[in-house]
Amino acid sequence: MPSEKQLREFGHQIWSLASKLMSREGTCEAYRQIILNEQPELQQGAFLMAHIVRGPSVEEISGVWDALDRYDMTKIRIDTEDPVCDIVGTGAEALKTAHCFTPAAFIASACGLRVAKKGTKLLISVSDASDILEILGIDLGLPLSHAKKCLEKHGICYLPEEAFFKSGWIRLRRDMCFTSVFDIIGPLTRPCEQTDTIVIGAYAPDICDQMITVLMEIGISSAISPFGMAEGEDEDKGMDKFSLSGPTRVVELKNDSIRYYEVTPEDFGLRTAPFSKIAGSNSAQENARRISDVLEGQYDTPDADFFCMNAAAALYISGMAESYAGGMEKAKQALADGKALEKLEKLREFQGTGG
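Written out as structure tokens, the structure is:
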């Protein structure tokens, strides 16, 4: 139990949150106490709600990231000088799509990019990466050493949130089953120490900006954050990925500078498809089946184009393609050659239920 002095100091922070920003170091210390469960639950809940209602600054989000990175994470490290990329989204999107970033990770890896894909189980959606991969034969309970070996040998691994977070953030996330700015913390984490490049989709345009600024603050060298839209839908409704159904707003970090622009499917060499063609299914099983269908041979479909364009973005931001169109060509070829399916098979071999 905390001392009376510690309780009063933490209570003072709660009181001052409405009108005073915290430093990065101060935020880290406050969240250290929450993550390690050093404060009573009532104090923790009051602090979190006050912070959510006021809205954290970029410096404060960086402080939360520091607390997770230092006190609540188990990490892997591999022997490589190659770039390592993550492909992830915030979820909580208004336009629910087919599950995209997991197959995009297989495709990007099939093009030669090392991908340390992280993810979690569903909380407020039909399915998330862990749900999909569990259906596809991945054992989420294996030690992270299996993921490390797969990444070293085959350039792909899956890092489930439940494996790399020790306990604190998992507890908080499950208690807060609603959308808040803290949904961006999980996608910002770096369970593979060498991850230096990331595609990180967001459920709103301002969140794209905020996440890229935080990534710059914590030392990521290259990152890209898409907010995809669909023709015929309101502009504030979108998806946390590059869209095959309309323009995508992009915030890009490269060479210590941030730029903003829009891309369309035509920039990838594709035609725009109706949103209904990439809309999400009603079950995790159906979303997993759609991924299997594409990897196993249904290459000329809207789903295949959707998966490949998001893989192409990873190739572009990692420097393995000079343009989105160039990345798309590589992604489509790797898919057609069966190399993306091989990556899933290698993942099953090292991280599967039969491994």
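Each residue of the sequence shown is one higher than the one before, counting from 627 in the working numbering. Cβ atoms here follow ideal geometry from the backbone N, Cα and C, with glycine treated the same way.
How long is the line joining the alpha carbons of R703 and R816, rounded to whole angstroms?
Position 77 of the sequence shown holds residue 703. Position 190 of the sequence shown holds residue 816. So the alpha carbons of these two residues sit roughly 11 Å apart.
Would you mind giving the Cβ-Cβ distance between D698 and C654, rounded to the nearest angstrom? I have them listed as a contact below 8 Å.
As a working note, residue 698 is residue 72 in the sequence shown. As a working note, residue 654 is residue 28 in the sequence shown. With 8 Å as the limit, D698 and C654 do not qualify as a contact, their Cβ atoms being about 12 Å apart.
E760 bridges to which residues according to DSSP?
Residue numbering aside, residue 760 sits at position 134 when the sequence shown is read from its first letter. None; E760 has no bridge partner.
Tell me which residue opens and which closes the beta strand (DSSP E) that F868 is part of.
In the sequence shown, residue 868 corresponds to position 242, counting from 1. Element bounds for F868: n/a, residue is neither H nor E.
Look at the alpha carbon of Q665 and the alpha carbon of G637, and state the distance between them as a whole number of angstroms.
Locating residue 665 in the sequence shown gives position 39, counting from the first residue. Locating residue 637 in the sequence shown gives position 11, counting from the first residue. Taking the straight line from one Cα to the other gives about 10 Å.
Along the alpha helix (DSSP H) that carries K747, what are the first and last residues, could you check?
The residue labelled residue 747 in the question sits at position 121 within the sequence shown. Counting along the chain, K747 falls outside any alpha helix (DSSP H), and DSSP gives it neither H nor E.
By how many angstroms is the C-alpha of L841 removed from the C-alpha of L879?
Sequence index remark: in the sequence shown, residue 879 carries index 253 (1-based). Sequence index remark: in the sequence shown, residue 841 carries index 215 (1-based). Distance between the alpha carbons of L879 and L841: 8 Å.
Through-space distance from W641 to S649, alpha-carbon basis:
The count along the sequence shown starts at 1 and reaches residue 649 at position 23. The count along the sequence shown starts at 1 and reaches residue 641 at position 15. Distance between the alpha carbons of S649 and W641: 16 Å.
Straight-line gap, G781 to I733 (C-alpha atoms, nearest Å):
In the sequence shown, counting from the first residue as 1, residue 781 sits at position 155. In the sequence shown, counting from the first residue as 1, residue 733 sits at position 107. Taking the straight line joining both Cα atoms gives about 11 Å.
What did DSSP end up calling I884 once you bin it into helix, strand or coil?
Indexing the sequence shown from 1 puts residue 884 at position 258. I884: strand per DSSP, three-state reduction.
Buried or exposed (CB count within 10 angstroms, at least 16 for buried), R885:
Along the sequence shown, one-based indexing puts residue 885 at 259. By the 10 Å Cβ count, R885 comes out exposed.
Can S847 and D822 be called in contact, C-beta distance under 8 Å?
Looking up residue 847 in the sequence shown gives position 221. Looking up residue 822 in the sequence shown gives position 196. Contact flag set, yes.
Decide if I750 is buried, meaning its Cβ has at least 16 other Cβ atoms within 10 Å, or exposed.
Position 124 of the sequence shown, counted from the first residue, corresponds to residue 750. Caution is warranted here: a pLDDT of 47 is assigned to I750, below 50, making its placement in the model unreliable, and the coordinate value is therefore given only provisionally. Exposed, since its Cβ has fewer than 16 Cβ neighbours within 10 Å.
What number of angstroms, rounded off, separates the C-alpha of E888 from the C-alpha of L674?
For the purposes of this step, residue 888 is identified with residue 262 of the sequence shown, where counting begins at 1. For the purposes of this step, residue 674 is identified with residue 48 of the sequence shown, where counting begins at 1. Approximately 34 Å, taken between the alpha carbons.
Which residue or residues does DSSP assign as beta-bridge partners of V572?
As shown, the chain starts at 627 and ends at 981. That puts residue 572 outside it, with no answer to give.
Report the three-state DSSP secondary structure of A905 (helix, strand or coil).
In the sequence shown, the residue the question calls residue 905 occupies position 279. Here A905 sits in strand by DSSP.
Are there 16 or more other CB atoms within 10 angstroms of the CB of D809, so buried, or fewer, so exposed?
Along the sequence shown, read from residue 1 onward, the residue named residue 809 stands at position 183. Classification for D809: buried.
Give a yes or no on whether the C-beta atoms belonging to A966 and L896 are separated by under 8 Å.
Numbered from its first residue, the sequence shown carries residue 966 at position 340. Numbered from its first residue, the sequence shown carries residue 896 at position 270. Not closer than 8 Å, so no.
Only counting the same chain, and skipping five residues up and downstream in sequence, which positions put a Cβ closer than 6 Å to that of P891?
To locate residue 891, count along the sequence shown from 1; it is residue 265. If we look at P891 and ignore the five residues flanking it on each side, its Cβ neighbours are L870 and T898.
Touching or not, the region 935-943 and the region 901-914, by the rule of three or more beta carbon pairs under 8 Å?
no
When we look at the beta-carbon of D832 and count the other beta-carbons within 10 Å, is it buried (16 or more) or exposed?
What you label residue 832 is simply residue 206 of the sequence shown in a count that begins at 1. Burial call: exposed.
In angstroms, rounded to a whole number, what distance separates the CA positions of A742 and F932?
Here residue 742 refers to the residue found at position 116 when the sequence shown is read from its first residue. Here residue 932 refers to the residue found at position 306 when the sequence shown is read from its first residue. Straight-line Cα distance between these residues: approximately 20 Å.
Sort E778, A905, I796 and K863 by Cα distance to E706 and report the nearest one.
Working through the sequence shown from its first residue, we reach residue 706 at position 80. With the sequence shown as reference, residue 706 is identified as Thr, and Glu is not the correct amino acid for it. That would be E778, whose Cα lies nearest to the Cα of T706.
Return the first residue and the last residue of the alpha helix (DSSP H) that S735 is part of.
As a working note, residue 735 is residue 109 in the sequence shown. Element bounds for S735: F727 to A736.
Do we get a CB-CB distance below 8 Å when we pair M935 with the residues of chain D?
No chain D appears in this structure, which consists of one protein chain only.
In angstroms with no decimal places, state the Cα-to-Cα distance between Y942 and L721.
Here the question's residue 942 lines up with position 316 in the sequence shown. Here the question's residue 721 lines up with position 95 in the sequence shown. Going from the Cα of Y942 to the Cα of L721 covers about 25 Å.
Which same chain residues, not among the five before or five after G689, have their C-beta less than 6 Å away from its C-beta?
Walking along the sequence shown from the start, residue 689 turns up at place 63. Only R650, T653 and C654 meet the Cβ criterion.
How many angstroms separate the CA atom of L694 from the CA atom of G827?
The residue labelled residue 694 in the question sits at position 68 within the sequence shown. The residue labelled residue 827 in the question sits at position 201 within the sequence shown. In a straight line, the C-alpha of L694 is about 20 Å away from that of G827.
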